[in-house]
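2 protein chains.
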Amino acid sequence: MRKVLVIGAGRSASSLIKYLLDKSESEKLQIIVADKQIESAQRMIANHKNGKAIVLDVFEEESRRKAVQEANIVISMLPARFHLEVAKDCIKYEKSMVTASYISKEMQALNEEVVAKGLVFMNEIGLDPGIDHMSAMQIIDRIRENGAKLLLFESFTGGLVAPESDNNLWNYKFTWNPRNVVVAGQGGAAKFIQEGKYKYIPYHKLFRRTEILNLREYGKFEALANRDSLKYRSIYGLEEVLTLYRGTIRKIGFSRAWNVFVQLGMTDDSYTIDDSENMTYRDFTNSFLAYSPHDSVELKLRHYLKIDQDDVIWEKLLELDIFNDTKKVVLKKATPAQILQKILMDKWTLKEEDKDMIVMMHKFGYEYQNEKRQINSYMQVIGDDQTYTAMAKTVGLPVAIATLKILNGEIKTPGVQLPITKEVYEPILKELEEYGITFKEEKVPYLGYNPEFVNG
Amino acid sequence: MRKVLVIGAGRSASSLIKYLLDKSESEKLQIIVADKQIESAQRMIANHKNGKAIVLDVFEEESRRKAVQEANIVISMLPARFHLEVAKDCIKYEKSMVTASYISKEMQALNEEVVAKGLVFMNEIGLDPGIDHMSAMQIIDRIRENGAKLLLFESFTGGLVAPESDNNLWNYKFTWNPRNVVVAGQGGAAKFIQEGKYKYIPYHKLFRRTEILNLREYGKFEALANRDSLKYRSIYGLEEVLTLYRGTIRKIGFSRAWNVFVQLGMTDDSYTIDDSENMTYRDFTNSFLAYSPHDSVELKLRHYLKIDQDDVIWEKLLELDIFNDTKKVVLKKATPAQILQKILMDKWTLKEEDKDMIVMMHKFGYEYQNEKRQINSYMQVIGDDQTYTAMAKTVGLPVAIATLKILNGEIKTPGVQLPITKEVYEPILKELEEYGITFKEEKVPYLGYNPEFVNG
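If you read the sequences in order, they're chains A and B. Heads up: the first sequence begins at 36 in my numbering, then just goes up one per residue. Heads up: the second sequence begins at 36 in my numbering, then just goes up one per residue.
Listed below in structure tokens is the structure:
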């Protein structure tokens, strides 16, 4: 039996562990699931005879090293900042390692040692980063191999609620870490290039600079810019490309309504509100509006942000109960972002029967024999249930498939890497199709970044 | 002769040094002006027989200590972060010290030693902080001594161009550090209390939440909130007050136009623009607007920020040349804020003949014998010329007056302090009147923070 050590039994590990357990007989695997909370690990194993749950505190050197030493390969599903200690043990005991996280500087710095020992440290092999890398590079490489020149690359991903569970005005529920949703886009201007021009969007305008995405049979969506699209120039070798834009997908109308929170200052995570525990939701809303005791909080907000009588934004705000004068914030010394998160969690938490959805879209513009062309590719994945969510499948399956292929020597080029080489993405994308993770492609006229251009 | 050491001969030291030189005969003073650049110090002294210019690098311990040791009292007009070394020497050689800067934690920590040696370390005794403290505390103490209870305190200061030199559409020129103007309000939400309610304004709304101030014969102005008004509760002993608000004064219409830069993202100082040196002013403006090659930068901006055809904001933008396609930014790897500063400095730099102006206003609301009352106080100072500016007078004269009064033993309570006790503010405010720095007071009906309240 070959031992696969999976560190971290959080929600996103379910499909990953199921994949490995399902293959454990044919592939002769034992799956060791290690977590601080043994119950989480046990739940994942569900008494499978080839599974084993162990307690592991990643900061306890002795037990961590023992677990790594006994394994044949290691998967870390911990938050990115916890990978490094595991990575060093993997080098010490000569084990390959797989993570779904962005390569940190510290991780990158291990490359030389990893190469010297012939190990594969595969990172960024979840959904985003992960499936986005692989599905984009597959088409980029194909376009280049035909002798064409890339002009445009745009890429969009969204974690949303599935259409069958989509029953609020925002068309949104928390299918992932709520905090990340509340503070999304903060920390600096969004940067990208369009037709060779650098463009910058400050945070407070981000949610009003969306564009529409047409995912055909899956419907129309909207996208807002991610913070740094420019780093993908060097990663994908797109130094010459005129348009480079990465974004986040939401259902249409979400961002314009979310902008209300941004404008009010409710997403701010940089200061705490003194008396927050005694505030009602209404008090919280009012704290961002001018003092004016003879006007209602409602009218002050409508006037401040110029929300028309018949604007659906208003109904969205009412749905969240932000004017409720009995519900208390309860949280002590909370930041506005923490309070907003609490208000949203009352309404946007998935119910037992709810399913989630992942959508992804790429656009590739290129010039071939003096003719400009464009390919769009897109995918949709719906979760099975609250355990095998679309998020868990799209994050976990690539990790699991990569792990087995490294273990079996099918992926073998050593080094600290991400899945942008054919050796890696071809077999993984092929196998993902068996699990319903498939991209559709369409050829469309190349419009550059100006789809509404009408001459004259 | 008693030696007064003035460290730092920047622009704001002119009136301070003139005051001391003018008094040097009658008060038997020698004024030692120390600066890294001897020319700056010499210019200030202008061959006055009781003045002496010396070179001093504040980080050179030996010469700094020697200068402090030989002095009878020390004034530091350096930026606040450079005071500490001087302060420690002042303790070592038992010299009192005066600065116009906010008391840092490190400065405050010296209090015990300063008291033990019977020294006076007077800080925050310039304009703002300085004259604002003294003029406010004088009235606050008076109100309290009459047995009344403070309900409201609002305080506003502005450094502006004098009416006779006010000849651009913004009614603004740089009379102080331009960088501080460009990044003003950044770094966190503005916080204050109005009628017992905490209020928060995020940066991107700050310039649209102004209010009008009536300074009577000096005209009407607008005020925007400073970042942290709340710290004045403990400093002034206003824990019970219902409204506490501090703000910055501009001419009416400035903030609404400045908001264009905020909304575009031009005041951002957190990232650099790669190709900034080759950009034109027009390119810079365009980098914050959506790509759309068949529309003009002008129309894109008008549409994005909904600027009407006949809005004076547009003329203000044109006046600054932000659509100019030949003027180059030149600065390399500059932040948006640095580029904006350069564009503004083309137009807002004071000319030789220009004069500046300081305006300040306080509002005091209180309850006396069950009746609510209000006092407003306000002042205006116009600069004499480009040397003895209103800024130099209002910052430097209180420093100089305090220094002499400490030297003469009229101000003697030891400790690290700011000018909020009667012993300090009474004689200084009285003497400032001789230099035209006078407050006018008016009684107005108490309206609380709701001046437009109409019942029904």
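Cβ coordinates follow ideal geometry from the N, Cα and C atoms, glycine included.
Query raised in the report: Name the chain B residues whose beta carbon is nearer than 7 Å to that of R244 (chain A)?
Result: Here the neighbours are A325.
Query raised in the report: Which chain B residues sit within Cβ distance under 9 Å of D70 (chain A)?
Result: Simply none; closest approach about 38 Å.
Requested in this report: Using 10 angstroms around the beta-carbon of S170 (chain B), count the other beta-carbons present and answer buried if the total reaches 16, otherwise exposed.
Outcome: By the 10 Å Cβ count, S170 (chain B) comes out buried.
Query - Runs of alpha helix (DSSP H) wholly within the segment 267–309 of chain A (minimum 4 residues, chain order) - result: With a minimum length of 4 residues, the continuous alpha helix (DSSP H) runs that stay inside the segment 267–309 of chain A are 267–271 and 289–299.
Query raised in the report: chain A beta carbons: is any one of them nearer than 8 Å to that of P454 (chain B)?
Result: It does not; no Cβ of chain A falls within 8 Å.
Query raised in the report: If you draw a straight line from the C-alpha of K407 (chain B) to the C-alpha of P454 (chain B), how long is it?
Result: Rounded to whole angstroms, the separation of the alpha carbons of P454 (chain B) and K407 (chain B) is 28 Å.
Query raised in the report: In its own chain, which residues sit with a C-beta less than 8 Å from the C-beta of L145 (chain A), not counting the 5 before and 5 after it?
Result: Leaving aside the five residues that flank L145 (chain A) on each side, the residues in its chain whose CB is nearer than 8 Å to its CB run, in chain order, A122, K123, I126, F156 and V451.
Query raised in the report: Name the DSSP bridge partner or partners of Q415 (chain A)?
Result: Q415 (chain A) is bridged by DSSP to A:V394.
**Report entry** Reduced DSSP category for P433 (chain A) - H, G, I as helix; E, B as strand; rest coil
**Finding:** Per DSSP, reduced to three states, the secondary structure at P433 (chain A) is helical.
Report task. Using a threshold of 8 Å, state whether the C-beta atoms of F399 (chain A) and I178 (chain A) are closer than that. Result -> A contact, by the Cβ cut-off of 8 Å.
Query raised in the report: Which class does T438 (chain A) belong to by DSSP, given the choice of helix, strand or coil?
Result: In the structure shown, T438 (chain A) falls within a helical segment according to DSSP collapsed to helix, strand and coil.
Query raised in the report: For T134 (chain B), which beta-bridge partners are listed by DSSP?
Result: According to the DSSP secondary-structure assignment, T134 (chain B) is paired through a beta bridge with B:S111.
Query raised in the report: From the DSSP output, which residues share a beta bridge with Y481 (chain B)?
Result: Answer by DSSP bridge pairing: none, since Y481 (chain B) is not bridged.
Query raised in the report: Hey, how far is the Cα of V489 (chain A) from the Cα of R243 (chain B)?
Result: The predicted position of V489 (chain A) is uncertain, since its pLDDT is 39 and thus under 50; no value can be drawn from it.
Requested in this report: Any chance you could list the beta strand (DSSP E) runs of at least 3 consecutive residues sitting entirely within the segment 180–208 of chain B, in chain order?
Outcome: Fully enclosed beta strand (DSSP E) runs of 3 or longer: 184–196.
Query raised in the report: Could you check where the beta strand (DSSP E) with I66 (chain B) kicks off and where it finishes?
Result: Going by DSSP, I66 (chain B) is part of the beta strand (DSSP E) stretching over L64 to D70.
Query raised in the report: Does the beta carbon of D303 (chain A) sit closer than 8 Å to a beta carbon anywhere in chain B?
Result: Yes, D303 (chain A) lies at the interface with chain B (some Cβ there is under 8 Å from its Cβ).
Query - Segments assigned beta strand (DSSP E), at least 3 residues, entirely inside the segment 134–172 of chain B - result: Listed in chain order, they are 155–157.
Query - Proximal chain A residues relative to D309 (chain B), where beta-carbon distance stays under 9 Å - result: Within 9 Å Cβ-Cβ: Y233 and L265.
Query raised in the report: So, do the segment 78–85 of chain A and the segment 102–114 of chain A have three or more beta carbon pairs nearer to each other than 8 Å?
Result: No, they do not touch.
Report task. For V479 (chain B), count neighbouring C-beta atoms within 10 Å of its own C-beta (all shown protein chains included) and say buried if the count is 16 or more, exposed if not. Result -> It counts as exposed.
**Report entry** Outcome for P114 (chain A) when other beta-carbon atoms lying within 10 angstroms are tallied against a minimum of 16
**Finding:** Its Cβ having fewer than 16 others within 10 Å, P114 (chain A) is exposed.
Requested in this report: Within the same chain, show all residues whose beta-carbon is closer than 6 Å to that of M392 (chain A), passing over the 5 residues directly before and after it, in chain order.
Outcome: Closer than 6 Å at the Cβ level, and outside the excluded window around M392 (chain A), lie L195, A197, I417 and A425.
Query - Contact under 8 Å by Cβ, R204 (chain B) with K351 (chain B) - result: What sits at residue 204 (chain B) in the sequence shown is Leu, not Arg. Contact: yes.
Query raised in the report: Looking at chain C, which residues of the segment 281–298 of chain A have a Cβ within less than 9 Å of any of its Cβ atoms?
Result: The question asks about chain C, but that chain is absent: this structure's protein chains are A and B.
Query raised in the report: If you run the structure through DSSP and keep just helix, strand and coil, what is N249 (chain B)?
Result: Here N249 (chain B) sits in strand by DSSP.
Query raised in the report: Going along the chain, which residues of its own chain have a beta-carbon closer than 7 Å to the beta-carbon of L355 (chain B), five neighbours each way excluded?
Result: Short of 7 Å from the beta carbon of L355 (chain B), and not among the five residues preceding or following it, lie these beta carbons of its own chain, in chain order: I378, L379 and K382.
Query raised in the report: Where does L265 (chain A) fall in DSSP's three states?
Result: In this structure, L265 (chain A) counts as coil in the three-state DSSP scheme.
**Report entry** Reduced DSSP secondary structure (H/G/I, E/B, other) of A425 (chain A)
**Finding:** Three-state result, A425 (chain A): helix.
Query raised in the report: Alpha carbon to alpha carbon, what distance is there between L64 (chain A) and G444 (chain A)?
Result: Spanning the two alpha carbons is a distance of roughly 15 Å.
Query raised in the report: Are the Cβ atoms of I110 (chain A) and T438 (chain A) separated by less than 8 Å?
Result: Yes, Cβ-Cβ distance for I110 (chain A) and T438 (chain A) is below 8 Å.
Requested in this report: From the DSSP output, in three-state form, read off S227 (chain A) for me.
Outcome: Sequence inspection shows Phe at residue 227 (chain A); the Ser mentioned does not correspond to that position. Looking at F227 (chain A) - three-state DSSP - the assignment turns out to be strand.
Requested in this report: Please state if the CB of L154 (chain A) and the CB of S136 (chain A) are separated by a distance shorter than 8 Å.
Outcome: Contact flag unset, no.
Query - Counted within 10 angstroms of its Cβ, other Cβ atoms place H239 (chain B) as buried (16 or more) or exposed - result: It counts as buried.
Query raised in the report: Of all the residues that make up the segment 328–360 of chain B, which are near chain A by a beta-carbon distance shorter than 8 Å?
Result: Residues passing the 8 Å Cβ filter: P328 and H329.
Query raised in the report: Do you know how far the Cα of D330 (chain B) is from the Cα of G491 (chain A)?
Result: For G491 (chain A), the predicted structure reports a pLDDT of 36, less than 50, and the residue's modelled location is therefore unreliable. A value from the coordinates is still provided. Straight-line measurement puts the Cα of D330 (chain B) at about 11 Å from the Cα of G491 (chain A).
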